[in-house]
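Below is one structure, written out as structure tokens; the observations come after it.
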Amino acid sequence: MSTSSTRRRAADAVDLTGLTALVTGATSGIGLACGQRLASAGAKVTILGRDRARVGQVADAIGGQGRVVDLGDPQALDGLADMTADIVVNNAGVQLVAPVHEFPPATFAAMQRLMVEAPFRLIRASLPQMYARGYGRVVNISSAHGLLASPFKVGYVTAKHALEGMSKVVALEGGAHGVTSNCINPGYVRTPLVEQQIADQARAHGVAEADVIETVLLPRSAVKRLAEPAEIAELVVYLCSSDASYINGASLPIDGGWTAG
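Residues in the sequence shown are numbered from 4 upward in steps of one, following this note's numbering.
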């Protein structure tokens with residue numbers, strides 16, 4: 004049997020029946036894959052997204068629930084107190100590629116709300132339920148940029164570094180209550196977020212758009228391909244299993260070797 008088949012069989016054995024899960028940014032890319040995989044493992048999944056039509060479509064497809072919310076909206080953040088789950092997957096993110104001296108302050112602030120304050124609010128709301136149950140999983144979709152920096156990404160790199168720190172604090176506070184908190188650190192993944200930044204990357208680095216993936220995105224990766232969303236989702240589900248109960252406060256790269264060098 005192939006290694007990939009063995010991994011798939013082990014992942015399929017994870018049973019999350021009876022648990023609730025909340026996934027942000029779940030209408031495409033990594034978030035969509037996480038929602039699908041958690042649902043296939045038996046969890047009752049609530050997906051969060053901004054596009055009403057897509058939220059409804061995805062929720063129906065996975066047999067879950069959907070909630071339309073813009074996590075970058077300050078007023079919307081005040082409405083997160085009632086969103087609780089046994090599993091919280093903080094995935095929503097945006098990117099802007101620009102030098103620091105040209106980076107719009109309003110965009111910088113909005114990125115911190117979306118990728119730092121929104122996860123804080125959701126974790127804070129769910130921890131009492133997790134503590135009472137003696138089980139909880141916080142999985143933060145960070146980035147290789149949560150461990151290393153790249154030029155022209157001050158908003159994103161700042162947010163992901165902050166998320167790493169928050170995850171570790173939650174791990175230290177929650178461990179005694181059966182709650183784990185970990186970050187997953189993908190490299191470049193085949194998602195709309197990556198595809199949408201190719202033109203910006205080309206302008207910032209002075210290369211052709213057709214050359215961005217090879218010359219800008221992958222030079223530091225030993226594995227010369229983009230990751231697939233499903234690969235990230237498999238690790239998310241594993242971290243939610245009982246077998247992963249001793250993995251806590253970790254930052255786990257899935258980056259083809261990018262952060263190894």
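The beta carbon of each residue, even a glycine, is placed where N, CA and C say it ideally should be.
Among all the DSSP beta bridges, which residues are the ones paired with residue i?
| i | result |
| --- | --- |
| C186 | N143 and S254 |
| L51 | T27 and R70 |
| K156 | A101 |
| I126 | DSSP output for I126 lists no bridge partner at all. |
For residue i, collect the residues of the same chain with a Cβ closer than 7 Å to its Cβ; drop the 5 residues on either side in sequence, then sort them by chain order.
| i | result |
| --- | --- |
| S244 | V17 |
| L19 | L41, A44, G45, A46 and C243 |
| E120 | L80 |
| F155 | V100, A101, P102 and A207 |
Leaving out five residues before and five after residue i in sequence, what residues of the same chain have Cβ atoms less than 6 Å from its Cβ?
| i | result |
| --- | --- |
| L41 | A24 and V48 |
| P256 | N188 and T262 |
| C37 | V26, V92, A236 and V239 |
| A174 | S184, N251 and G252 |
| G181 | G137 and Y138 |
| R53 | D73 |
| V160 | H148 and A152 |
| I233 | Reading off the sequence shown, one finds Ala at residue 233, where the question assumed Ile. Counting only Cβ-Cβ distances below 6 Å, and skipping sequence neighbours, we find A36. |
| G178 | N251 |
Over what stretch of residues does the alpha helix (DSSP H) that includes residue i continue unbroken?
| i | result |
| --- | --- |
| A64 | R55 to I65 |
| A24 | That residue, A24, is in no alpha helix (DSSP H); its beta strand (DSSP E) goes T23 to T27. |
| T110 | P108 to Q115 |
| A36 | G32 to S43 |
| L80 | P77 to L80 |
Regarding residue i and the ligand GTP, is the C-beta to nearest heavy atom distance less than 8 Å?
| i | result |
| --- | --- |
| A162 | This structure lacks the ligand GTP, and indeed carries no ligand of any kind. |
Which one of the options has the shortest CA to CA distance from residue i?
| i | options | result |
| --- | --- | --- |
| A230 | V215, L221 and R193 | R193 |
| D85 | Q98, V210, T110 and P131 | P131 |
| G69 | T218, V58 and M118 | V58 |
| G66 | I50, Q78 and A247 | I50 |
| A162 | G259, Q98, A247 and G82 | Q98 |
| A88 | R140, L166 and G34 | R140 |
Name the two residues that bound the continuous beta strand (DSSP E) containing residue i.
| i | result |
| --- | --- |
| N93 | I90 to N93 |
What does a CB cutoff of less than 8 Å around residue i pick up in its chain, not counting 5 residues either side in sequence?
| i | result |
| --- | --- |
| A128 | L83, A84, D85, M86 and T87 |
| T9 | Residue confidence is low: T9 scores 47 on pLDDT, short of 50, so the model does not pin down where it sits. Its coordinate-derived value is still stated next. Closer than 8 Å at the Cβ level, and outside the excluded window around T9, lies no residue. |
So within the region 171-242, which uninterrupted beta strand (DSSP E) runs reach at least 3 residues, ignoring any that extend past its ends?
182-189
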